[in-house]
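See below for the structure under consideration.
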Amino acid sequence: MVDTELANHRSGTFEIGDRTVHRLGFGAMRLTGPGIWGEPADREECVRVVRRAVELGVDFIDTADSYGPHVSEEIIREALHPYPEHVLVATKAGLTRHGPDIWQPVGRPEYLRQQCELSLRRLGVERIDLFQLHRIDSSVPAEDQVGELKKLQDEGKIGAIGLSEVTVEQIDAAREVAEIATVQNLYNLTERKSEDIVDYCTREGIGFIPWFPIAAGELAKPGGPVDEIAKDLGATHSQVALAWLLARAQIVLPIPGTSSVAHLEENVDAAGVRLTREQVAELTGAGE
């Protein structure tokens, strides 16, 4: 395996707005309690995870106001504030919480503005470098939701604008209102419903952030392609799954999350795992 201290920078870079980040980031959803609700079991360990991620070269951290709610943003601030200049902390708004594993879209412009202001306060920043619409609320015109983010951008409160769980048609419509820097959809080795979104983002130079990136399912069973490739490379199943995402397209920005330093270090090390073209093709075909 490669030197963990250097591995993350081997993932390559991508520009989000006026910022450049390394492609393998950190997803901060798991810095919370069960059901992404309340405090984590070990808050001190979660603080260590965030600090260790930055020590290992991670400079793209993805969170949301609804994680906890608020808990993830607060832990990130505790761990990193004042933030190193090279670290981009992205957050989201548009989902409300009423209990564990309960998520309700709310996209009223005044609500999105309120949540942006609160995230600025919780994170302790004057500008959120990447602010993402967590879901499009079907009860509110989409152009009003994206339009409010554009207003916040024009006011200097956010840098780049991102979307989450959208279709190609929704991205096109949003781009009529504002420049879209990133799209975040569910996507991994075994979940390919957003394949057309990845292709679209590749053509258009838009960052694609796959959430729930570590999933191999049946492919990781003994004798399966993930298992066999992991053995050949001296890697773990999770590292192979992440390496496949990094090889999928240069606009892909995986954000594996964890509340464990040991698991974090394993994930970061995936940036140094190099799949051959044949291995990429085998994994791609097996997961379709």
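Residue numbers (the numbering used here): 57 to 344.
Note that CB positions come from ideal geometry on N, CA and C, so glycine has one too.
- Just measuring C-alpha positions, the residue of 162, 125 and 103 sitting nearest residue 137 is 103.
- For the alpha helix (DSSP H) assignment, the uninterrupted runs of no fewer than 4 residues enclosed by the region 221 to 272 are, from N- to C-terminal side, 224 to 231 and 251 to 260.
- Rounded to whole angstroms, the gap between the alpha carbons of residue 318 and residue 231 is 40 Å.
- By the neighbour-count definition (other C-beta atoms within 10 Å, threshold 16), residue 281 is a buried residue.
- Per DSSP, the beta-bridge partners of residue 93 are 124.
- In the DSSP annotation of this structure, the continuous segment of the alpha helix (DSSP H) that includes residue 179 starts and ends at 165 to 179.
- According to DSSP, residue pairing for residue 218 in a beta bridge involves 188 and 238.
- Membership of residue 72 in the beta strand (DSSP E) is indicated by the continuous run 69 to 72.
- At the C-beta level, residue 264 and residue 309 come within 8 Å of one another.
- If you ignore the 5 residues before and after residue 268, its C-beta comes within less than 7 Å of the C-beta of 242 and 244, all in its own chain and listed in chain order.
- Residue range 317 to 324 is occupied by the alpha helix (DSSP H) that includes residue 319, with no beta strand (DSSP E) assigned at that position.
- Taking a C-beta distance under 8 Å as the contact criterion, residue 222 and residue 239 qualify as a contact pair.
- Within the same chain, 275 and 281 come within 7 Å of residue 342 by CB-CB distance, once the 5 residues on both sides are set aside.
- For residue 275, no alpha helix (DSSP H) encloses it, and the DSSP letter there is neither H nor E.
- Apart from sequence neighbours up to five positions away, the residues of its chain that approach residue 285 with a beta-carbon distance below 6 Å are 296 and 335, ordered along the chain.
- The three-state reading of DSSP puts residue 65 in helix, counting H, G and I together.
- Around the beta carbon of residue 220, a 10 Å sphere encloses 16 or more other beta carbons of the protein chains shown; the residue is thus reported as buried.
- Buried is the label assigned to residue 213, since at least 16 other Cβ atoms lie within 10 Å of its Cβ.
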